[in-house]
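Residue numbers (the working numbering), protein chains in the order written: chain A, 18 to 215; chain B, 18 to 215; chain C, 18 to 215; chain D, 18 to 215. By construction, the Cβ of each residue, glycine as well, lies at the ideal position given by its N, Cα and C atoms.
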DNA sequence: CCCTAAACGAGACGGTACGTCCGGTCTTAAT
DNA sequence: ATTAAGACCGGACGTACCGTCTCGTTTAGGG
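Rendered as C-alpha cells:
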C-alpha cells in the first residue's frame, strides 16, 4: 500500500541549525546582563556570541524572545522539590532555594527584562506564562503533598496560596524595597503555612 | 529707566506655565495607553496633547517620569480605608476597591510601563517606590487597626502580610494568568486573614 | 471677500533646515570618495559629516540621491563656455576643461557611482538626466554659435555631435582603456570639427 | 610505495561539472534581468536556475563574474562585419546590428550591471575590458578596410573614431535620453563618416 | 561491483549596510 | 519667557544580501 507522497522520505535538506550558536547566544545574553554596565542590545549579543545578527533573528522573533529563552533555561533547572516532612519546612526550603537563584544580579535583570518585554511582546509573554506556570506547578505539587497528608484547612485554595508565594517573590524583586534572603524565605514560609492550615 | 529689583514687584515675565498643558499631557498619556494599539511615544503624547515636545521635557526629565506621574495621579486617589469591623471584611473591601481600579486596561498598561521603566530609570524607580510605599502604608494601617483590636496572631509580621497582599495583586497583574475580580479579592482576603490570625 | 482658509498665513513653523548640515553631507561624500580606501556608506557619510543618519534620510531618499546631488554641485560649476573664434578651438578648450575636472579621482568615482545608481534608482536617474541635459545644453550652445557663423555643414545634427562628444568622455571614463588628457581633448575636438563642418 | 606526485597520473576523480547547471545559471540571470521587477540577487539566480548557491560560487568568484560571463556570451555572437562597399554603408549596417541587440531590455540592464560592477570589482572590469576591446577591434577592422581603400582623411585617428562610435552607443544606453534605433544608427554612421573622411 | 572523490540542491552561517524609529536637545516664529 | 512645530544627533532596530560553510544525496571513474 503506497502513500501518495513520502514526505518523510526527505524531511530536511541543507545545513542544520548550529546548536553551538544557539548556546553562545543565550550565554552571551546572560553574561551581558551580568556585566550590567551597558544596555542589552541585539548587536552586542551577536558580537559577544560571535554570531551574525541574522542568526539571532532566524531563530528568535525578537530580542525579548532571546532573553525569555535565556531565562527559561537558566532559572528552571535550579529549584527542585524538597521533602522535609512538614509543610512549613518544605516551603522554607523551596523559597530559600528560589531566592538563592536571585542573588545573581544578572538573573534579577533577566527576570526584569522578561516581565518588561512581556508587557509589549506576545512571544515574550508566552514564554513568561509557560515559565511561571511551571514554577506554580512545582509549588502546587508541594502543596498537593500537604493536602494528601491532610494538612490543608478546609477553605484553603492552592492556586491562591501559590500566587501569594510567587507574588511575594516577584513583588520584592521588582520593587526592591525589601530583601529576598533566607530570613525572608522563612517568614514567607511561616505565613503561607498559617494561611494554608487551620 | 527701571532697576532689575523691580522683579519682585513683577516677579515673572513671559508666559507662565500652562497648567492645562500639564493635564493635557497626563491625560493624553492615559488615553494612548487605553487606546493600546500602538507603542507609547513622546512624539505621540505631544501630538495627542496638542503640545510641543519641548514642553514635555521642560517639566519632566524623561518619558518614564511622565508615565510615573500619570500613575501616581490616577492610581492613588482611588482607594480609601474601609472599616467594616472585621479584618476579613476590611481586607475584602480594600482589595475589591484596589482590583476595581485595574479593570481599566489603560491602568494595567500604565503600571506595567512604570514597573518596566523602573528597571532602567532611577527617577521612575523613585516614583514607583514612593507610590508602592504609600499603598503599603495604607494596607499597613488597616492591619495596625486589627493589631490594636488584638486580632493578629503572635508571629504575624505586618510587613510580610502587606507584601503577600500586594504581591498577589502585582503578580496576577503582570503575568495575567488569573483574574483580579471580586472573587479573587475575597479569596485573597480570606487567606490573608488566615495568615494573620490564629 | 474671505478665503475659506488662509493656508499661506502660516507657511512654516518649527526649526528650519540646517544648511550647514546639507553642505557637510555633500562635502563629506566627496571627501570619502576621494579618500577612496573604503566603500561609501551612509553611516560613514553621517559620521564624517557629524550628522545623524536620519538627517540624511530626511532630505534625500537614498544614498544614491546624496551622491547624485554632490555630483550636480561639484561638476556643474567647473566648465564655462570658451570663445576662441573657431569651432575647433572652442571644442578643444571645452573638452580640456571638462577632462581637467576628471583628473580628481574622487570625481571619477562620483560619476561612476551616479551612473551606477541611476541604473536602479529613479531618483538618481532623474538627477543624472538633468545634469547631463545641462551639460549637453552647454555643448549645444557652443555648436549653435558655430551654426550662426555658418560653420556647420548641411547634414550636421547638433544632438548627434553632442552625444558623440560626451559619449567619448563617458566611454573612456567608465571603461578606462584610454586617457582623458589634453591630447585626447584635442583629438576629440579635431574629429568632432571634421564631423560638423564640410 | 607511492609519492603524492602520483596525483598527476590520476588528475580527476568524482563527479564532473554539470554543464546544464552552468547554462541554467546564465539563462536565469538573463531572464531575471529581463523580468526586471526585482534586484538581481545570487539567491534569486540560484532559485530561478534550480541550483544551489554553492554551485554558482564554485564556478564564478562573484556575482559580477556571472553577470559578466552572461554578457560576454549573449552580446558577442550577434554582430558580424558587414561589407557594403562604402564606409558609410558599413558603419550604418554595423551600428544597426549593434543597436538591434539592445532592443532587449534585459540586455540593457545586463550591460548596465556590468559597467556598474566594473567600478568596484576588478574581475568584472577585466571582462568588460576584454569585451569592449573585442568590439573596438571589430569596428577598427571596419575602419582599417576603409583606410586600405584610401577613404580616410590624413588626420583621422581610428582609435578616436572607434571611441566616438561606441561612446555614442554607451552614452545613450546609460543615460537613456535618446533612442538607439535605426535612424540613430544612420545618423551616427553619417557623422562618423564625415569625421573620418575628407 | 564496490569504493572514493567530487559535484550537487538546500539552506544555515558571520558580516555589513540598509532605511526606519525613537529619545532627548535645539531652533524658530508667534504669543 | 513660554509655547507648538519640527529639525537635529545618536544609536538600536529588524531586513536584505554577499560569499562561506555544512548537510545528505547523486554521479562517475578506478580498482
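Any residues in the region 177-197 of chain B with a beta carbon nearer than 8 Å to a beta carbon of chain A? Which ones, in chain order? 177, 178, 180, 181, 183, 184, 185, 186, 187, 188, 189, 191, 192, 193, 194, 195
For residue 53(D), does the count of other Cβ atoms within 10 angstroms reach 16, so buried, or fall short, so exposed? The residue given as residue 53(D) occupies position 36 in the fourth chain. With fewer than 16 other Cβ atoms within 10 Å, it is exposed.
So with CB distances below 7 Å, who are the chain D contacts of residue 172(C)? What you label residue 172(C) is simply residue 155 of the third chain in a count that begins at 1. 207, listed in chain order.
Quick check on DSSP: helix, strand or coil for residue 119(B)? The residue you call residue 119(B) lines up with position 102 of the second chain. The answer is coil: DSSP assigns residue 119(B) none of H, G, I, E or B.
Using CA atoms only, rank isn't needed, just tell me which of 117(B), 35(B), 45(B), 103(B) is closest to residue 190(B). Indexing the second chain from 1 puts residue 190(B) at position 173. Residue 117(B) is the option with its Cα nearest to residue 190(B).
Under 9 Å between the Cβ atoms of residue 57(D) and residue 126(D)? Taking the first residue of the fourth chain as 1, we reach residue 57(D) at position 40. Taking the first residue of the fourth chain as 1, we reach residue 126(D) at position 109. Less than 9 Å separates the beta-carbon of residue 57(D) from that of residue 126(D).
Taking only beta-carbon atoms, is residue 71(C) less than 9 Å away from chain D? Walking along the third chain from the start, residue 71(C) turns up at place 54. Not an interface residue.
So, do the region 58-72 of chain A and the region 137-155 of chain A have three or more beta carbon pairs nearer to each other than 8 Å? no
Beta carbon proximity, residue 145(D) to chain C, threshold 9 Å: Mapped onto the fourth chain, residue 145(D) falls at position 128. Closer than 9 Å to some Cβ of chain C, the Cβ of residue 145(D) qualifies, so yes.
Are any of the Cβ atoms in chain C nearer than 9 Å to that of residue 84(D)? Mapped onto the fourth chain, residue 84(D) falls at position 67. Chain C, which has no Cβ nearer than 9 Å to the Cβ of residue 84(D), makes this no.
Could you say which of 115(A), 153(A), 85(A) lies nearest to residue 194(B) if we only look at CA atoms? By one-based count along the second chain, residue 194(B) stands at place 177. Among 115(A), 153(A), 85(A), the Cα nearest to that of residue 194(B) is on 153(A).
List in chain order: all unbroken alpha helix (DSSP H) runs of 4+ residues lying wholly within the region 51-126 of chain C. 59-66, 70-76, 80-93, 104-118
Which residues in chain D have a C-beta closer than 7 Å to the C-beta of residue 131(C)? List them in chain order. The residue you call residue 131(C) lines up with position 114 of the third chain. The premise fails here: residue 131(C) is roughly 10 Å from chain D at the closest Cβ pair, so nothing lies under 7 Å.
From residue 92(A) to residue 47(A), what does the alpha carbon distance come to, in whole angstroms? Numbered from 1 along the first chain, position 75 holds the residue referred to as residue 92(A). Numbered from 1 along the first chain, position 30 holds the residue referred to as residue 47(A). Going by the C-alpha atoms only, they are around 11 Å apart.
Does residue 136(C) get closer than 9 Å to chain D when you measure Cβ to Cβ? For the purposes of this step, residue 136(C) is identified with residue 119 of the third chain, where counting begins at 1. It does: the Cβ of residue 136(C) has a partner Cβ on chain D nearer than 9 Å.
If I measure Cβ to Cβ from residue 45(D) and keep anything under 6 Å in the same chain, skipping five residues before and after, which residues do I get? Locating residue 45(D) in the fourth chain gives position 28, counting from the first residue. Answer for residue 45(D): 62, 65, 66, listed in chain order.
To the nearest whole angstrom, what separates the beta carbons of residue 183(B) and residue 183(A), a pair I think is in contact under 8 Å? Translated into the one-based positions of the second chain, residue 183(B) becomes position 166. Translated into the one-based positions of the first chain, residue 183(A) becomes position 166. At roughly 13 Å, the Cβ-Cβ gap does not stay under 8 Å, so residue 183(B) and residue 183(A) are not in contact.
State yes or no: is the beta carbon of residue 56(B) nearer than 9 Å to at least one beta carbon in chain A? The residue labelled residue 56(B) in the question sits at position 39 within the second chain. Closer than 9 Å to some Cβ of chain A, the Cβ of residue 56(B) qualifies, so yes.
Look at the alpha carbon of residue 163(B) and the alpha carbon of residue 206(B), and state the distance between them as a whole number of angstroms. Start at 1 with the first residue of the second chain, and residue 163(B) comes out as number 146. Start at 1 with the first residue of the second chain, and residue 206(B) comes out as number 189. Straight-line Cα distance between these residues: approximately 13 Å.
Mind checking whether residue 156(D) and residue 179(D) have CB atoms under 9 Å apart? If you number the fourth chain from 1, residue 156(D) lands on position 139. If you number the fourth chain from 1, residue 179(D) lands on position 162. The criterion of a C-beta distance shorter than 9 Å is satisfied by residue 156(D) and residue 179(D).
Strictly below 8 Å CB to CB, what residues from chain D border residue 103(C)? Here residue 103(C) corresponds to residue number 86 of the third chain, with the count starting at 1. Within 8 Å Cβ-Cβ: nothing; residue 103(C) doesn't reach chain D, min ~16 Å.
Straight-line CA distance for residue 161(D) to residue 34(C)? Residue mapping note: residue 161(D) aligns to position 144 of the fourth chain, counting from 1. Residue mapping note: residue 34(C) aligns to position 17 of the third chain, counting from 1. If I take the Cα positions, the gap works out to 60 Å.
Same chain, Cβ closer than 8 Å to residue 158(D), five either side skipped, listed in chain order: Mapped onto the fourth chain, residue 158(D) falls at position 141. Once the five neighbours on either side are set aside, the close Cβ partners of residue 158(D) are 98.
For residue 155(C), which residues in chain D fall below 9 Å Cβ to Cβ? As a first step, residue 155(C) must be located in the third chain, where it is residue number 138. Residues of chain D passing the Cβ test: none, with the nearest at roughly 15 Å.
Contact the region 200-214 of chain D vs the region 99-113 of chain D: 3+ CB pairs below 8 Å: yes
Close Cβ partners of residue 59(C) (< 7 Å) along its chain, the five nearest in sequence each way excluded: Here residue 59(C) corresponds to residue number 42 of the third chain, with the count starting at 1. Contacts found: 70, 73, 80.
Could you tell me whether any Cβ in chain C is nearer than 9 Å to the Cβ of residue 61(D)? Start at 1 with the first residue of the fourth chain, and residue 61(D) comes out as number 44. Residue 61(D) does not count as touching chain C.
Establish whether the CB of residue 46(B) and some CB of chain A are separated by less than 9 Å. In the second chain, counting from the first residue as 1, residue 46(B) sits at position 29. Residue-level contact check: residue 46(B) does not touch chain A, since none of the beta carbons of chain A fall below 9 Å from its beta carbon.
What does residue 79(A) reach in chain B if we use C-beta pairs closer than 7 Å? The residue you call residue 79(A) lines up with position 62 of the first chain. None at all; the shortest Cβ gap to chain B is about 14 Å.
Tell me whether residue 36(D) is buried or exposed, calling it buried when 16 or more other Cβ atoms sit within 10 Å of its Cβ. Locating residue 36(D) in the fourth chain gives position 19, counting from the first residue. Exposed, because fewer than 16 other Cβ atoms sit within 10 Å of the Cβ of residue 36(D).
Around the C-beta of residue 192(A), are 16 or more other C-beta atoms found within 10 angstroms, so that it is buried, or is it exposed? For the purposes of this step, residue 192(A) is taken as residue 175 along the first chain, with counting starting at 1. Burial call: buried.
Where does residue 210(C) land, buried or exposed, given buried means 16+ other C-beta within 10 angstroms? Counting from one through the third chain, the residue named residue 210(C) turns up at place 193. Under this definition residue 210(C) is a buried residue.
Measure the Cβ-Cβ separation of residue 213(C) and residue 169(C) and say whether it is below 9 Å. As a first step, residue 213(C) must be located in the third chain, where it is residue number 196. As a first step, residue 169(C) must be located in the third chain, where it is residue number 152. In contact: residue 213(C) and residue 169(C) (Cβ atoms closer than 9 Å).
Using the Cα positions of residue 77(A) and residue 149(A), report the straight-line distance between them to the nearest angstrom. Counted from its first residue, the first chain places residue 77(A) at position 60. Counted from its first residue, the first chain places residue 149(A) at position 132. Residue 77(A) and residue 149(A) have their C-alpha atoms roughly 20 Å apart.
In chain order, what residues of the same chain have a beta carbon less than 6 Å from the beta carbon of residue 173(A), not counting five sequence neighbours either side? By 1-based counting over the first chain, the position of residue 173(A) is 156. Answer for residue 173(A): 213, listed in chain order.
Just to confirm my understanding: we take residue 50(A), look at its own chain, exclude 5 residues before and 5 after, and list those with CB closer than 7 Å. What are they? As a position in the first chain, residue 50(A) is number 33, starting the count at 1. 57, 123, 126, 127, listed in sequence order.
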